[in-house]
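Under full-length UniProt numbering, the sequence shown has 69 at position 69, and the numbering climbs by one with no breaks.
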Amino acid sequence: MLMLTVNLYLPRRALITFIKQLKRWSLSLSLCVSELQEEEEILEARCRELENRLSEQGCTLGELRKEMGYKGSLVGALRANLKEKERHFLEELKRRSHCSTVLNTELQKQTEAAAYLSFQLHAARQKLHQQRMQQRQGLLSRANNQGVQHGAEQNIPLSGASPSSPVVKPKRKSIRASSRVDRTRECVPIEKVTGPAEPTAMPDPALFLHPRRHRARSRLTVAQRPPPLGQDEEDGGGEGPVVDHDGGARLMTSATDAFPSEPHGSVEFCIQVLVRKLVYYDKDDLFQ
1 MLMLTVNLYL PRRALITFIK QLKRWSLSLS LCVSELQEEE EILEARCREL ENRLSEQGCT
61 LGELRKEMGY KGSLVGALRA NLKEKERHFL EELKRRSHCS TVLNTELQKQ TEAAAYLSFQ
121 LHAARQKLHQ QRMQQRQGLL SRANNQGVQH GAEQNIPLSG ASPSSPVVKP KRKSIRASSR
181 VDRTRECVPI EKVTGPAEPT AMPDPALFLH PRRHRARSRL TVAQRPPPLG QDEEDGGGEG
241 PVVDHDGGAR LMTSATDAFP SEPHGSVEFC IQVLVRKLVY YDKDDLFQ
């Protein structure tokens, strides 16, 4: 008020300048106000944009929270399932370890039993082998005794035929007796020693079937055969022809020599061969 009163007493030019200054000042103030309004509008737009962003972020945070809750429930279920599977796995592992322990003990028992049985089997085989060797030795000794007895029986008729003749030294064992012993040894079945042989195919029967037309030829060959040394000496003593009693053994050896691939221990096969030969031979032909 004091200024206004002072200015009233000023001159007119000063008043006009003062009014111009006031107008300039008001214009500057209006410009500042407009700028401030524009800035305010810009700030309001920014605030609205930020509010929108905040609302969107709040929505996304809510969705993320929901998803986190769902994932948390899934994690809890998976943890429970994993714990349940782990418990079942531990129980199964314990059960299988117990079963493996039981099976190991059973396997050990079975192994011990198998070892014991194999030992018994080996001992039984050894015992059986010894028994068969003893049987073979007994058969061989019996065959030797039979050969010696047969040689002694051949020497007895000679001593009885000439009682007045002087005492003659005992002759040595003839080749015929030794060959008879060898043939008897060949007739011993080997399966009594080595066990039963594997079954083989039956040989061709035509090898053992001799027709009757060969009888005359066989008789001629037998008649032309030179007598052995022992028989020559016996024939010189005035005795008649000595009958060969080992025809059965010769028949057996011929049957076994006809098939070298067949095992000698097949008794049934030898019997079949003998029966086939008896069909084509007479009783006189067997002892020629």
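C-beta atoms are modelled at their ideal positions from N, C-alpha and C, and glycine is treated no differently.
#### Entry: Length of the line joining the Cα atoms of G147 and S141
Spanning the two alpha carbons is a distance of roughly 10 Å.
### Query
Going straight from the alpha carbon of E153 to that of L128, what length do you get?
E153 and L128: Cα-Cα distance of roughly 37 Å.
### Message
So, at 8 Å on beta carbons, what are the nonlocal neighbours of T17 in its own chain, with the 5 sequence-adjacent residues on each side left out?
### Response
Closer than 8 Å at Cβ, skipping near neighbours: no residue.
### Task
May I have the straight-line CA-CA distance separating residue 291 from L103, to the nearest angstrom?
Residue coverage of the chain in this structure runs from 1 to 288, which leaves residue 291 outside it and unanswerable.
### Task
Would you mind sorting G151 into buried or exposed? The rule is 16 or more other CB atoms within 10 Å of its CB.
Answer is buried; the Cβ neighbour count reaches 16.
### Message
Measuring straight from C-alpha to C-alpha, what distance separates D232 and A123?
### Response
Below a pLDDT of 50, predicted positions are generally treated as unreliable, and D232, at 44, falls in that range; no measurement from the model is reported.
### Query
Near W25, what residues of its chain come up, given a Cβ to Cβ distance below 7 Å and the 5 sequence neighbours on each side ignored?
So the list is empty, once near-sequence residues are dropped.
### Task
List in chain order: all unbroken beta strand (DSSP E) runs of 3+ residues lying wholly within the stretch 50 to 109.
Scanning the stretch 50 to 109 from its first residue to its last, no whole beta strand (DSSP E) run of 3-plus residues comes out.
### Task
Leaving aside the five residues before and after V75 along the sequence, list all residues of the same chain whose C-beta is less than 6 Å from its C-beta, in chain order.
Scanning its chain for C-beta atoms nearer than 6 Å, with the 5 sequence neighbours on each side dropped, one finds no residue around V75.
#### Entry: Distance, L78 Cα to T101 Cα
Rounded to the nearest angstrom, the two C-alpha atoms are 34 Å apart.
### Message
Could you tell me the alpha carbon to alpha carbon distance between I42 and R65, rounded to whole angstroms?
### Response
Going from the Cα of I42 to the Cα of R65 covers about 34 Å.
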